[in-house]
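Working notes, beginning with the structure itself.
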Amino acid sequence: MSIWTSARRARTALAANPVLPVFIAIYVSIVALSVAAVRTTESRLPVEAGNLTSYWLESEVIAIAMYLAWVALPRPHRMRYALETVLPIGLCLYGVDAAGLTATLWLNLNAKTLQMPFGSLTGIGLILGGSFAGWFLGRYLGGLAAASRLRREAASSLRSAWFSETSPDGSWRRATGITTGLMMFALILLAQATSPAYAPGSPLPIQLLAAGVWAFTIVVGDHATISITDAAIKVRTRLLSNNMGWSVSLSEIESARAITARPEPLRFDRSKCVLRTGPALEIRTVTGGRYSVSMDDAAEAVSVVRALRPGVWPQTRQAGDT
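Given below as structure tokens:
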């Protein structure tokens, strides 16, 4: 095979997958910055630390190659798959690699002996923070891409028959603050109690990370998108609420109604996505399952479900969430 033939096929693949050049540019930049950081500081690192930074760089390059191959594989709706599925996973992995490299350089700069990133709570805190930051950024960008796609489909009457979005209010922030606050407080106490036996150094990085995650979750809040098609009702969330959302096939719906719901602390139920106090759509399935999601136009959603599935019970009264 000639070089020109290979180049022509590469251009064809890039044209068929317009998101791939953007991914390549981003991750080539990541590798370039990582290599520059290592080359600039390698004279101030112990020999063993230089070998460890090489490991982080190699793992970055291998992960990026696998990631780009994953994006480039021929599949239907490849751009949607790349942005909504592959991107969160990839950024989480790169967050770990970048944070591991940063921790190695930070802990070993001007040091005489090697300090492993996982051997101190500062390094552990950096790696956990990097993985969380990468995962959150990927999840958030993937959620934005999904919401934009569903909005376009609903506007053009393509695939989605109805689309809505909802955001949290003060009641969700209070309930989530109590729930996640108790979890993070337990993590802070655990780090304080186990740090002398597990790793040298102050547990402050882990504790600050836990407090930062808690504050960030409360301040940013979650968002949910609700799409109704001729096949199913799908609810997607951008952050941690309700895990990943829920999906119910229209053929499984027994009844739909508008209710009044309120977020409750210390309640973990994947079938409920209650982000605010007020109207919510409640779905009951033929198997006895109950699903709900907050939305201001719950009564309109009930009408859409009834129009797509005439056999659904016509319940649109307001009721307490039980």
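First residue of the sequence shown? That's 64 in the working numbering, and the numbers climb one at a time after it.
In this text, a Cβ means the ideal position worked out from N, Cα and C, and glycines have one as well.
Note that the coordinates shown come from a computational prediction; the quantities given were computed from them, not determined experimentally.
G341: member of the beta strand (DSSP E) spanning G341 to T348, first to last residue.
The C-alpha of T300 is placed about 12 Å away from the C-alpha of F199. Shown here, V282 sits in a helix according to DSSP, grouped into three states. By DSSP's assignment, F226 forms a beta bridge with S290.
Boundaries of the alpha helix (DSSP H) around V365: A361 to L371.
Beta-bridge pairing by DSSP links K175 to no other residue. When DSSP states are grouped into helix, strand and coil, E315 belongs to the helix group. Here R325 carries a coil assignment [DSSP, helix/strand/coil].
DSSP lists no beta-bridge partner residue for V149.
Counting C-beta pairs closer than 8 Å gives three or more between the region 224–232 and the region 286–294, which meets the contact rule. Taking all protein chains shown into account, G192 has 16 or more neighbouring C-beta atoms within 10 Å of its C-beta and is therefore buried. Contact between S355 and L344 holds: their C-beta atoms lie close to 7 Å from each other, under 8 Å. When DSSP states are grouped into helix, strand and coil, V91 belongs to the helix group.
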